[in-house]
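Data block below; observations after.
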Amino acid sequence: MQKLRALLLISPLLAFILITFIAPIADMLFRSVENKIVEETLPHTVALIDSGGDIETVVPGEKVFSALYVDMFVAAEKKEHTRLGTRLNYEESGISSLFRKSGRRVDRLDVEVYREQFENIDPSWGEIATWQSLADNSDASDMLPRAMWAYNAWRDYLIADGDNPDEEELEDFIYVALYDDLIALEDASEAGDLIQRSANAVPDFETVNFKEAFIGFDKDWGAEDVWKTIRTYSPPYTEGYFLNAIDLQKEFEGYSVRPENERIYGVLFMRTLFMSLVITGCAILLGYPIAWLMSNRPMREANLLMIMVLLPFWTSLLVRTSAWKVMLQQQGVINDTLVWLNIVDEAGRLVLINNQFGTIVAMTHILLPFMVLPLYSVMRTIPETYTRAAKSLGATNWTAFWRVYFPLSVPGIGAGSILVFILSIGYYITPEIVGGTTGTFISNRIAYHISSSLNWGLAAALGTILLAVVLLLYWVYDRIVGIDNVKLGG
Amino acid sequence: MVDTAEGHAFVEFDRVQKSYDGETLVVKDLNLSMPKGEFLTMLGPSGSGKTTCLMMLAGFETATHGDIRLDGQGINNIPPHKRGIGMVFQNYALFPHMTVNENLAFPLEIRKMGKAEREEKVKRALEMVQMGAFGARRIAQLSGGQQQRIALARALVFDPSLVLMDEPLGALDKQLREHMQFEIKRIADDLDITVVYVTHDQTEALTMSDRVAVFDDGRIQQLAPPDQLYEEPENSFVAQFIGENNTLEGVVEEIRNDQALVRLDGGGLIDTTPVNVSKVGERTKVSIRPERVEFGRDRLGEDAHTLNAEVLEFIYMGDIFRTRLRVAGNDDFIVKTRNAVNQVRFEPGQQIEIGWLAQDCRALDA
Chain A
1 MQKLRALLLI SPLLAFILIT FIAPIADMLF RSVENKIVEE TLPHTVALID SGGDIETVVP
61 GEKVFSALYV DMFVAAEKKE HTRLGTRLNY EESGISSLFR KSGRRVDRLD VEVYREQFEN
121 IDPSWGEIAT WQSLADNSDA SDMLPRAMWA YNAWRDYLIA DGDNPDEEEL EDFIYVALYD
181 DLIALEDASE AGDLIQRSAN AVPDFETVNF KEAFIGFDKD WGAEDVWKTI RTYSPPYTEG
241 YFLNAIDLQK EFEGYSVRPE NERIYGVLFM RTLFMSLVIT GCAILLGYPI AWLMSNRPMR
301 EANLLMIMVL LPFWTSLLVR TSAWKVMLQQ QGVINDTLVW LNIVDEAGRL VLINNQFGTI
361 VAMTHILLPF MVLPLYSVMR TIPETYTRAA KSLGATNWTA FWRVYFPLSV PGIGAGSILV
421 FILSIGYYIT PEIVGGTTGT FISNRIAYHI SSSLNWGLAA ALGTILLAVV LLLYWVYDRI
481 VGIDNVKLGG
Chain B
491 MVDTAEGHAF VEFDRVQKSY DGETLVVKDL NLSMPKGEFL TMLGPSGSGK TTCLMMLAGF
551 ETATHGDIRL DGQGINNIPP HKRGIGMVFQ NYALFPHMTV NENLAFPLEI RKMGKAEREE
611 KVKRALEMVQ MGAFGARRIA QLSGGQQQRI ALARALVFDP SLVLMDEPLG ALDKQLREHM
671 QFEIKRIADD LDITVVYVTH DQTEALTMSD RVAVFDDGRI QQLAPPDQLY EEPENSFVAQ
731 FIGENNTLEG VVEEIRNDQA LVRLDGGGLI DTTPVNVSKV GERTKVSIRP ERVEFGRDRL
791 GEDAHTLNAE VLEFIYMGDI FRTRLRVAGN DDFIVKTRNA VNQVRFEPGQ QIEIGWLAQD
851 CRALDA
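Residue numbers (my numbering), protein chains in the order written: chain A, 1 to 490; chain B, 491 to 856.
Below, the structure written as structure tokens:
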């Protein structure tokens with residue numbers, strides 16, 4: 001009962017965290033490996049490729065192209081083929097336009113010959129009632145999976161367009177699917193008369209050469225690279241995004257290192273880590289003396305210092321960062337002053353922004369309170385008598401500080417460092433504004449993939465790696481210093 | 491001031507004043523000299539300036555005025571770490587990030603002592619406080635009493651000639667405190683070190699010290715050995731502060747030989763020893779210890795003055811009886827009697843006659 005009440009009390013927060021924090025992270029983790037789009041858009045093509053049938057060569061044979069035609073036709077009607085094209089284009093450039101072009105062309109490809117031949121066997125093949133009764137019969141559906149899928153897909157996209165399928169003429173591509181089913185049907189003896197008759201007739205059908213037709217749309221359909229890409233990324237889950245995120249690539253033949261000019265993430269990760277370390281170091285160097293003063297001065301002075309530390313905290317992050325832009329730019333306050341003092345000449349204005357230096361300066365300033373506050377809260381608990389005792393035992397001011405005070409303040413440094421480091425490793429706004437090209441972080445790349453290139457899978461993989469790095473560091477820190485020793489307050 | 495027989499004093503405060511804000515003096519005109527080897531306690535209520543004096547001696551506060559000398563040398567301008575004074579802090583101030591051994595070795599390391607010698611000294615110091623087996627412990631793993639011993643050992647390990655103790659037993663429970671009082675006293679005697687001990691616990695001060703300096707209002711009110719302090723308080727503050735005390739107020743009526751006759755405000759005449767009253771008509775507070783009050787005329791002189799008293803309360807305390815009386819308008823007049831075979835036990839409401847020897851009754855300042 002007691003527990004239930006406690007649970008009830010925290011439930012709003014719990015729900016809030018679940019919805020706004022845990023769920024997005026889980027979603028992100030999932031997206032970084034999820035790859036269902038290929039399978040969902042080209043179900044029959046992928047099924048054939050995966051089953052290994054008709055795959056002696058990288059570029060498949062007629063059967064796969066026939067399935068591809070049906071898949072592509074539906075995808076084009078549903079306007080999903082461009083999405084798939086975009087997805088596969090991340091892996092192999094050119095696929096996007098290939099799919100867009102093919103989507104337009106499949107619509108125009110003349111496959112009426114299938115329909116005519118089926119109607120010759122039995123005119124009822126041309127009636128919707130026949131199809132609907134087959135669709136309602138589960139045995140027939142099992143026997144003719146692609147035809148039924150095509151039929152249902154046809155109905156679905158018509159309804160989605162606001163048309164009534166019962167008043168429309170059946171599309172030709174459905175008969176292609178029917179043909180493929182009947183050709184593949186091994187034993188039609190269980191089936192009804194119509195299907196039996198049709199199954200017996202199909203081997204003699206006149207067919208369209210889909211492979212030729214697709215290669216006619218675009219000769220890339222005959223290229224190994226395109227098929228390698230499709231076949232590599234056909235499974236519903238892939239490690240490809242993660243490989244991309246660490247400058248590898250997944251190829252048909254296995255993993256390989258990306259060419260030199262495409263490797264960017266390793267450098268970005270290293271830069272992010274390095275700059276976060278530098279920022280943490282700067283924050284320690286600047287924050288420690290302030291925190292020390294705050295904890296060793298009378299209350300009034302300490303409060304004044306505290307306000308000065310917190311003041312930037314109360315200003316908008318964007319404003320603070322923009323202020324740094326004003327300060328640091330080549331026509332900015334610092335450069336103007338230096339020129340005015342004749343320390344540098346007009347031509348030699350320093351480049352202080354849009355590089356690593358700018359990012360480090362601005363972020364150190366912004367993250368400083370996160371170092372000062374934990375330091376202060378730890379230092380405040382170190383009684384003055386420790387230093388006095390050390391001095392009474394013969395220690396000079398420096399020895400008393402270094403041997404006694406400093407070791408006792410280490411938990412504060414630890415807490416501050418972990419806070420600053422973790423915050424800076426995922427920082428986005430400041431590097432975006434003052435980082436230029438050399439001072440940006442991995443998070444800027446993630447943002448780019450989220451909002452510009454729309455490669456969410458890669459963004460998710462990068463984010464997951466970032467999360468893993470932070471957790472790893474946290475674990476290492478726990479092993480070395482111990483999280484219990486970290487004091488954030490009181 | 492009690493000066494030493496062997497020439498100069500070891501520790502000397504010479505007209506020392508201290509003010510934190512430049513207006514009010516926390517320590518006013520302090521003069522004190524201590525011979526080597528003395529155990530001196532600074533006793534007083536909080537805010538009386540005793541801790542400030544200790545801190546000035548240790549070097550953590552500077553005297554606003556006057557000189558402090560250690561072994562004849564002025565130390566006003568010597569920083570604390572060069573004074574070579576051992577100190578035991580109120581909350582021990584043992585370094586929590588070091589083991590017991592490291593704590594003790596700290597002052598020796600700073601003095602650049604060799605490893606072997608250091609270990610030898612640490613070992614000896616630990617054995618002295620009977621903590622030999624605890625060297626490898628962390629401070630947090632020790633009980634309060636154990637920490638106290640380690641703090642003591644650390645203050646002594648580098649052989650300081652002067653050791654300061656700032657209420658070192660304040661955080662311990664009563665039994666442990668009494669035990670440690672004895673222990674500290676024994677060690678101080680064994681090592682023949684000079685100790686300045688600050689406390690607000692008068693029992694502690696009386697049992698441990700060679701001399702006690704009673705502080706109040708930034709001044710030493712009385713500096714004397716414990717027995718003298720208790721039996722011959724020089725003013726009413728000391729009389730009140732040390733031990734239990736009955737106070738009666740009145741006016742000096744007659745001074746003759748070395749006795750003063752005082753007429754109490756609540757009626758009645760008593761014989762007293764004049765301490766700081768000198769003329770007739772002066773107001774005075776008369777102080778009598780509860781255990782020096784007599785009930786029978788037989789132990790008093792023939793012509794001794796007595797007072798009538800009413801028993802208000804009788805408390806049986808085992809070894810003693812504690813009787814509260816109403817005497818000359820004072821409802822809080824306490825009498826302590828030993829639980830001896832023939833001792834009378836009073837009933838509340840009983841009317842009795844009390845008196846005392848003039849030498850036990852001191853007429854002090856009003």
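Just so it is clear, CB atoms sit at the ideal spot from N, CA and C, and this is done for glycine as well.
Near chain B, meaning a CB-to-CB distance below 9 Å, the residues of the stretch 392 to 415 of chain A are Ser392, Leu393, Gly394, Ala395, Thr396, Asn397, Thr399, Ala400, Arg403, Val404, Pro407, Leu408 and Val410. If you draw a straight line from the Cα of arginine 263/A to the Cα of leucine 458/A, it is about 14 Å long. Your pair valine 612/B and leucine 594/B checks out as a contact, with CB atoms roughly 4 Å apart and the cut at 8 Å. Among the bridge pairs identified by DSSP, arginine 746/B is matched with Gln749/B. Secondary structure of isoleucine 810/B (DSSP, three-state): strand. Within its own chain, the residues whose Cβ lies closer than 8 Å to the Cβ of threonine 399/A, once the five positions on either side in sequence are excluded, are Ala390, listed in chain order. At a cut-off of 8 Å between beta-carbon atoms, phenylalanine 836/B makes no contact with chain A.
Closest option to arginine 828/B, judged by alpha-carbon separation, among Asp821/B, Arg812/B and Tyr720/B: Arg812/B. Taking a C-beta cut-off of 8 Å against chain B, the contacting residues of the stretch 372 to 387 of chain A are Pro383, Thr385 and Tyr386, listed in chain order.
Taking each of Ser453/A, Leu29/A, Leu109/A and Leu304/A in turn and checking the Cα distance to threonine 238/A, the smallest one comes out for Leu29/A. By the rule that beta-carbons nearer than 8 Å mark a contact, alanine 389/A touches chain B. In the structure shown, lysine 79/A adopts coil according to DSSP, grouped into three states. Looking at the DSSP output, glutamine 507/B bridges to His555/B. Counting along the chain, alanine 729/B sits inside no beta strand (DSSP E); it lies in the alpha helix (DSSP H) bounded by residues 726 to 731. Contact between serine 66/A and aspartate 218/A is ruled out by a C-beta separation of about 17 Å, above the 8 Å threshold. In the structure shown, glycine 576/B adopts extended strand secondary structure according to DSSP, grouped into three states.
Classified as buried, phenylalanine 503/B has 16 or more neighbouring CB atoms from the shown chains inside 10 Å of its CB.
Proximity of chain A to arginine 601/B at the Cβ level (cut-off 7 Å) is accounted for by Gly394, in chain order. Our two residues, valine 58/A and leucine 144/A, have alpha carbons roughly 28 Å apart in a direct line.
The DSSP-derived three-state label of glutamate 39/A is helix. Closest in alpha carbon position to valine 70/A, among Val38/A, Asn120/A and Trp149/A, is Trp149/A. If only complete runs of 4 or more residues are kept, the stretch 618 to 648 of chain B shows the alpha helix (DSSP H) at 634 to 646, in order along the chain. The DSSP assignment places complete beta strand (DSSP E) segments of no fewer than 3 residues inside the stretch 245 to 320 of chain A at 248 to 251 and 254 to 257, in order along the chain. Within the stretch 72 to 147 of chain A, the runs of alpha helix (DSSP H) that reach at least 4 residues and sit entirely inside it are, in chain order, 81 to 89, 95 to 108, 112 to 121, 128 to 136 and 138 to 143. Arginine 709/B: not part of any alpha helix (DSSP H); member of the beta strand (DSSP E) spanning 709 to 714, first to last residue.
Put simply, the stretch 520 to 535 of chain B touches the stretch 680 to 699 of chain B. At least three CB pairs are less than 8 Å apart. For phenylalanine 357/A, the enclosing alpha helix (DSSP H) has its first and last residue at 356 to 379. Between the beta-carbon of alanine 283/A and that of methionine 294/A there is about 15 Å, and that puts the pair past the 8 Å contact cut. If you check the CB distance, alanine 583/B and proline 383/A come in under 8 Å. Taking C-beta separations shorter than 7 Å and ignoring five residues to either side along the sequence, the partners of tyrosine 427/A in its chain run Met363, Phe441 and Ser443, following chain order.
The beta-carbon of methionine 577/B is placed less than 8 Å from the nearest beta-carbon of chain A. In this structure, the beta-carbon distance from arginine 505/B to glycine 556/B falls below 8 Å. The Cβ atoms of glycine 574/B and proline 650/B sit closer than 8 Å to each other. Sixteen is the threshold: since fewer than 16 other Cβ atoms of the shown chains lie within 10 Å of the Cβ of proline 24/A, the residue is exposed. For phenylalanine 500/B, no Cβ of chain A is located within less than 8 Å of the residue's own Cβ. DSSP links glycine 845/B through a beta bridge to Glu784/B.
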